[in-house]
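What follows is one structure encoded as structure tokens, with my remarks underneath.
Protein chains in written order, with my numbering: chain B, 182 to 421; chain W, 15 to 182.
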């Protein structure tokens, strides 16, 4: 290493010397003096740049975060209250209006959805890895990509069935999607329970159930979930 | 207090000073730097689960801060701060000579072009290596070394001019 090379490298990073630089400095008094001046400059530079942070800045940041957090929780509580009220009204509607109950399977799905109003609280998408973990817990291996926008996923028991209970917020309102693992429930079927419309579709090794106030998105979601569970891109809703 | 909240508290208390200083030298404005530091931490809170390695916390926060600063810059062109506007509250602990020298260095630093100033800040204040700076800035290591070399040359040149003016 020559002096020019040593000084170029030193100017790029004065606080880190390679073994080659160290060896050169020990043999070259000129570069040793240059090194001392460079470190002096670095000390001055660091001291000048270390401007003091304003008093109480960390506390003000923590206060802003706590305030934002309380505000967000307040919104969530209001939404949870609304969802619970809606669920209660739904149960009352079924009981009072006396709509005819459907098959036991569909009843169990609707009842389970109504028992988990907290599933509607968040509208933000969960990390895909978290949703995949729920399927793994149920021993279900996906054959394709997950449909996007799942805001809730929980490995719930539904009666005697093992399921992955999910919610997918849509423009028309949230859609509850329950995948019953390792159980194929009869044929593809559309059902209605009070204000809830639903669809049950045998898919892969289990049964996919979709429930919402509006079934407009069922075809598209059925197709997306079929790709995810069976990996069959060419099969679409109603093709079977 | 939840473990998530405790982690965030520790993060704020450990890195507020560094974040403020980095923001200050990016924008040259104390009030704006405080806003940038606060917004950086609020964004960090929302994605705290993404922080897996505590040793990477500082680099992670600086990445968020740089994005915030870039967004701010997209919205409006920031004015360059005049050295006379600086109020850095360290006059009670330093002697007059040091204060004068610091003022000269700070004024020169604010005159340095951002492409030289930023890697220098990451190295001097952040303590990052050339490789780490290259990763943060999306540049090659050789390019970062060249920028750091030139940054110091330009700073020394500016300091020569500032000192001459100060002594005149």
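Don't be surprised by glycine CBs; every beta carbon is placed ideally from N, CA and C.
Close Cβ partners of residue i (< 7 Å) along its chain, the five nearest in sequence each way excluded
i: residue 340 of chain B; result: 289
i: residue 94 of chain W; result: Any reading at residue 94 of chain W needs caution, since the residue's pLDDT is 43, under 50, leaving its predicted position unreliable; the model's value is listed next. Within the same chain, residue 94 of chain W has close Cβ partners 42, 124.
i: residue 186 of chain B; result: none
i: residue 161 of chain W; result: 129, 130, 133
i: residue 209 of chain B; result: 184
i: residue 220 of chain B; result: 195
i: residue 204 of chain B; result: none
Contact belief for residue i with residue j at Cβ below 8 Å, rounded distance in angstroms
i: residue 338 of chain B; j: residue 301 of chain B; result: Contact doesn't hold; Cβ gap of about 20 Å is too wide.
i: residue 79 of chain W; j: residue 54 of chain W; result: 4 Å
i: residue 45 of chain W; j: residue 37 of chain W; result: Their Cβ separation, rounded to whole angstroms, is 11 Å, which puts residue 45 of chain W and residue 37 of chain W out of contact at 8 Å.
i: residue 56 of chain W; j: residue 245 of chain B; result: 6 Å
Cβ-Cβ distance between residue i and residue j below 8 Å
i: residue 376 of chain B; j: residue 405 of chain B; result: no
i: residue 348 of chain B; j: residue 357 of chain B; result: yes
i: residue 410 of chain B; j: residue 384 of chain B; result: yes
i: residue 31 of chain W; j: residue 76 of chain W; result: no
i: residue 362 of chain B; j: residue 331 of chain B; result: no
i: residue 144 of chain W; j: residue 193 of chain B; result: yes
i: residue 116 of chain W; j: residue 228 of chain B; result: yes
i: residue 2 of chain W; j: residue 73 of chain W; result: This structure cannot speak to residue 2 of chain W, because chain W is shown only from 15 to 182.
i: residue 18 of chain W; j: residue 62 of chain W; result: yes
i: residue 396 of chain B; j: residue 378 of chain B; result: yes
i: residue 388 of chain B; j: residue 403 of chain B; result: no
i: residue 35 of chain W; j: residue 231 of chain B; result: yes
Closer than 8 Å at the beta carbon, the chain B residues around residue i
i: residue 162 of chain W; result: 192, 193, 194
i: residue 35 of chain W; result: 230, 231, 232, 234
i: residue 18 of chain W; result: Chain B residues near residue 18 of chain W: none, gap ~10 Å exceeds 8 Å.
Contact list for residue i against chain B, beta-carbon separation under 9 Å
i: residue 40 of chain W; result: Those do not exist, as residue 40 of chain W stays about 12 Å from chain B at its closest Cβ, beyond 9 Å.
i: residue 143 of chain W; result: 194, 197
i: residue 123 of chain W; result: 226, 229, 230
i: residue 59 of chain W; result: 246, 249, 250
i: residue 139 of chain W; result: 227, 230, 231
i: residue 3 of chain W; result: In the structure displayed, chain W extends from 15 to 182; residue 3 of chain W sits before or after that span and is not available.
Neighbour list for residue i in chain W, Cβ cutoff strictly below 9 Å
i: residue 243 of chain B; result: 22, 23, 26, 27, 55
Identity of the residue in the options nearest residue i by Cα
i: residue 317 of chain B; options: B:397, B:335, B:399, B:330; result: B:335
i: residue 128 of chain W; options: W:67, W:29, W:20, W:39; result: W:39
i: residue 233 of chain B; options: W:86, W:136, W:74, W:33; result: W:33
i: residue 237 of chain B; options: W:125, W:60, W:58, W:51; result: W:51
i: residue 171 of chain W; options: W:134, W:19, W:119; result: W:119
i: residue 310 of chain B; options: B:328, B:297, B:388; result: B:328
i: residue 155 of chain W; options: W:44, W:82, W:137, W:114; result: W:137
i: residue 351 of chain B; options: B:224, B:373, B:360, B:304; result: B:304
i: residue 407 of chain B; options: B:324, B:287, B:244; result: B:324
Proximal residues of chain W, C-beta to C-beta of residue i below 8 Å
i: residue 225 of chain B; result: 115, 119
Proximal residues to residue i (C-beta, below 8 Å), its chain only, five neighbours per side dropped
i: residue 322 of chain B; result: 316
i: residue 206 of chain B; result: 187, 198, 212, 213, 216
i: residue 71 of chain W; result: 25, 28, 29, 65
i: residue 126 of chain W; result: 134, 165, 168, 169, 172
i: residue 86 of chain W; result: 41, 46, 50, 92
Within chain W, partners of residue i - CB distance below 7 Å
i: residue 189 of chain B; result: 163
i: residue 249 of chain B; result: 56
Proximity test, Cβ basis, 8 Å: residue i and chain D
i: residue 238 of chain B; result: Annotation note: the requested chain D is absent from the structure, which comprises protein chains B and W.
heavy atom of the ligand ZN below 7 Å from residue i C-beta
i: residue 83 of chain W; result: The ligand ZN is absent from the structure shown, which contains no ligand whatsoever.
Chain B contact residues for residue i, given Cβ-Cβ distances below 7 Å
i: residue 30 of chain W; result: 234, 238, 239, 242
i: residue 166 of chain W; result: 192
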